[in-house]
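If you're matching positions, the sequence shown starts at 18 in this note's numbering and goes up one per residue.
Beta carbons are placed, not taken as given, at the ideal position from N, Cα and C, and that holds for glycine.
All values derive from a computational prediction rather than experimental measurement.
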Amino acid sequence: MTRLIVLGMAPLLSLALVLSGCSPKAQPETGQQAPVTKAMAPEPDRTLTVFAGAAPKPGLDPLARRYEERTGVKVEITYGGSGAVLNQFAQEQFGDVYVPGSDDFMDKAEKKDAVLKETRTVLVYLVPVINVPKGNPKGIKSVKDLTREGLRVVIGKPVTVCLGDIAQAVLEEEGVWQDLQPRLADYGTSCEAVLQSLLMGEADVVIGWDVFTRQHPDKLESIPLKAKSARPRNIPGAVIKWSKQPDAAREFIDFLASEEAKSVWKEHGYTTEAPPAKP
18 MTRLIVLGMA
28 PLLSLALVLS
38 GCSPKAQPET
48 GQQAPVTKAM
58 APEPDRTLTV
68 FAGAAPKPGL
78 DPLARRYEER
88 TGVKVEITYG
98 GSGAVLNQFA
108 QEQFGDVYVP
118 GSDDFMDKAE
128 KKDAVLKETR
138 TVLVYLVPVI
148 NVPKGNPKGI
158 KSVKDLTREG
168 LRVVIGKPVT
178 VCLGDIAQAV
188 LEEEGVWQDL
198 QPRLADYGTS
208 CEAVLQSLLM
218 GEADVVIGWD
228 VFTRQHPDKL
238 ESIPLKAKSA
248 RPRNIPGAVI
258 KWSKQPDAAR
268 EFIDFLASEE
278 AKSVWKEHGY
288 TTEAPPAKP
């Protein structure tokens, strides 16, 4: 009688094990890992794609690294002329954050309907100046001096570089554009290229930013520009219209404008408070 009960219970016990997921066949073999289910799989890495002008690069790079360490969100930055990168992400309809070298190009981005206007945020300020090597060996005192024969003058490329548009406006306002344009030594393809032309000895003078001198005080000095078109500019940030993660993009911009970020911007020579406007 007892034997019949045990034999009769065996199939029921096997069925119960199968239904409960406890069948020996469901267990991993020795030395093998259990398969990773969808619920167990880690979330894919989050990445923010930023398109930026070259002017904010010295401050933006360390801030992006700090943000990555703080949040685990990767920040990939494409640098170039502010107009060039604007055209790139507008054509591709791709990216998360735009940080041009000046507010002029954020205005253009808004006209193209390429950014979310309500997310536009001022990060730091810049002032256009004449930059020359330390000691001013060519004795430059004003824009008029840039027309002297034999002087190697470099400006940013208009339309694609913020400093190019500013330089052209200043030179036109001072009445020297038509005379100087044919004799320019070169056009920088970014703000960084304008700076490097001076640091590398390929230019005697450039129309650049005040921050260049603060970043290289032992190599450069600045001469103020009197033209009204040389008004102070700002470096803004905004969420790109086609971002698939606008909330995360906005969080990154908020970080760049935070009090913590201001100390980093200052370390790299940027002005975090609005300078006085020209009269």
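Check: Do you know how far the Cα of P75 is from the Cα of V92?; Outcome: 15 Å
Check: Measuring CB atoms only, is the stretch 257-277 touching the stretch 153-170, in the sense that at least three cross pairs come out at less than 8 Å?; Outcome: no
Check: Please classify S280 as buried or exposed, where buried requires at least 16 neighbouring CB atoms within 10 angstroms.; Outcome: exposed
Check: What do you get for R87, buried or exposed, if any count of 16 or more other CB atoms within 10 angstroms of its CB means buried?; Outcome: exposed
Check: Exposed or buried, Q185, counting other C-beta atoms within 10 Å across all chains shown (16 or more means buried)?; Outcome: buried
Check: Do N148 and V223 have their CB atoms nearer than 8 Å?; Outcome: yes
Check: So, is R250 buried or exposed, given that buried needs 16 or more other C-beta atoms within 10 angstroms?; Outcome: buried
Check: Can you list, in chain order, the stretches of the beta strand (DSSP E) that have 3 or more residues and sit fully within the stretch 206-238?; Outcome: 222-226
Check: What's the C-alpha gap between E277 and A202?; Outcome: 41 Å
Check: For the pair the stretch 196-214 and the stretch 89-109, tell me if three or more CB-CB distances fall below 8 Å.; Outcome: yes
Check: Assign E93 to one of three DSSP states: helix, strand, or coil.; Outcome: strand
Check: For I252, which beta-bridge partners are listed by DSSP?; Outcome: V141
Check: Do V171 and V256 come within 8 Å of each other at the CB atom, strictly closer than that value?; Outcome: no
Check: Measuring CB to CB, does I240 end up less than 8 Å from G118?; Outcome: no
Check: Name the one or two DSSP bridge partners that I257 has.; Outcome: V132
Check: Check for me: the alpha helix (DSSP H) holding G100 runs from which residue to which?; Outcome: 99-109
Check: Assuming L242 is part of the alpha helix (DSSP H), what are its boundary residues?; Outcome: Looking at the DSSP string, L242 is not in any alpha helix (DSSP H), and its letter there is neither H nor E.
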